[in-house]
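J.: Input: one structure, supplied below.
So this is what it looks like as structure tokens:
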């Protein structure tokens with residue numbers, strides 16, 4: 011059963027106000043804050059956004075080491091907020107996001123790294139930047155499927171950006187992401203995949219009585235003595251196993267890019 015229209019409208023109004031408050035924070039306060047304060051604000055704002063949308067977090071990320079390269083399957087634009095609500099991260103987004111009105115400016119000012127589709131040189135440069143952040147103890151996340159799915163499968167992982175973990179000698183931390191409905195059944199309602207538009211995805215989430223996003227960390231992978239292809243396949247298989255879906259064959263070694271959904275980390279960087 012869906013929520014009544016007045017409840018959907020109320021949630022939408024709260025969400026709009028939350029976004030406006032966040033935009034003002036990024037514009038007026040965020041550049042003046044220390045990194046530690048930015049991360050706390052990012053985490054709080056993300057939790058508040060999920061609360062507005064009636065999304066509960068069930069996270070089991072015990073033992074995650076700071077300065078890890080988070081590797082996750084990608085279902086929804088909610089994935090970014092769910093991860094940030096538990097462990098604030100920097101994300102990789104496609105370069106086109108930088109040119110989006112308003113959002114592009116915000117993304118560029120909220121710890122997002124950009125990469126051009128099909129550019130191996132960009133992949134090399136991005137790897138170097140990722141490695142530097144990892145060496146500094148920063149957590150960074152990538153979605154190596156390169157796109158979103160409906161959550162019923164895990165696409166083959168592209169391996170290029172996992173080179174950053176090898177260069178920095180930092181752990182690769184696989185994270186399995188899944189969504190359940192209000193009675194605990196696996197659901198595709200939050201999925202932002204295929205021909206689904208952002209507005210359609212948001213409308214479906216606003217209409218839902220409640221969701222639970224489940225984040226499960228599998229054992230971290232050490233980059234020592236492993237190739238990036240091996241790391242990609244091991245991370246993929248670990249996530250598929252945690253989700254209870256069959257694994258797929260290894261992906262190519264092209265650049266990892268984020269789709270339009272993965273360009274949303276801008277919104278997770280702000281708070282009240």
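In my numbering, the protein residues as written are 11 to 282. Quick reminder that beta carbons are idealized off the backbone N, C-alpha and C, glycines included.
#1: Apart from the five residues on each side of it in sequence, which residues of its chain come closer than 6 Å, Cβ to Cβ, to residue 140?
#2: Classify residue 191 as helix, strand or coil using the three-state DSSP reduction.
#3: Under a Cβ-count criterion, where at least 16 other Cβ atoms within 10 Å of its own Cβ denotes burial, should residue 218 be classed as buried or exposed?
#4: Using C-beta distances below 7 Å, list every residue in its chain close to residue 94, excluding the 5 sequence neighbours before and after it, in chain order.
#5: May I ask which residues mark the beginning and end of the alpha helix (DSSP H) holding residue 25?
#6: Are the beta-carbon atoms of residue 301 and residue 72 separated by less than 9 Å?
#7: What ranges does the beta strand (DSSP E) occupy inside the region 120-181, keeping only unbroken runs of at least 3 residues that lie completely in it?
#8: According to DSSP, is residue 219 part of a helix, a strand, or is it coil?
#9: Determine the contact status of residue 172 and residue 241, defining contact as a CB-CB distance below 9 Å.
#10: So, for residue 230: in the same chain, excluding its five sequence neighbours on each side, which residues have a beta-carbon less than 6 Å away from its beta-carbon?
#11: Can you tell me where the alpha helix (DSSP H) holding residue 96 begins and where it ends?
#12: Name the one or two DSSP bridge partners that residue 251 has.
#13: Return the first residue and the last residue of the alpha helix (DSSP H) that residue 57 is part of.
#14: Considering only C-alpha positions, which residue in the set 135, 214 and 142 is nearest to residue 126?
T.: According to the data block:
#1: 150 and 174.
#2: When DSSP states are grouped into helix, strand and coil, residue 191 belongs to the strand group.
#3: By the neighbour-count rule (16 or more Cβ atoms within 10 Å), residue 218 is buried.
#4: 52, 53, 56 and 278.
#5: That run of the alpha helix (DSSP H) goes 15-38.
#6: The question about residue 301 has no answer, for the chain in this structure spans 11 to 282.
#7: Taking only runs of at least 3 residues, the beta strand (DSSP E) segments lying wholly in the region 120-181 are 123-125 and 150-152.
#8: Assignment of residue 219 by DSSP, reduced to helix, strand and coil, places it in the coil class.
#9: Yes; because the gap between Cβ atoms is below 9 Å, this pair is in contact.
#10: Excluding its 5 nearest sequence neighbours in each direction, residue 230 has C-beta neighbours in its own chain below 6 Å: 181 and 183, listed in chain order.
#11: From DSSP, the alpha helix (DSSP H) with residue 96 extends over 88-96.
#12: Paired residue(s): none; residue 251 is not in a bridge.
#13: Note, residue 57: alpha helix (DSSP H), 45-62.
#14: The shortest C-alpha separation from residue 126 is found at 135.
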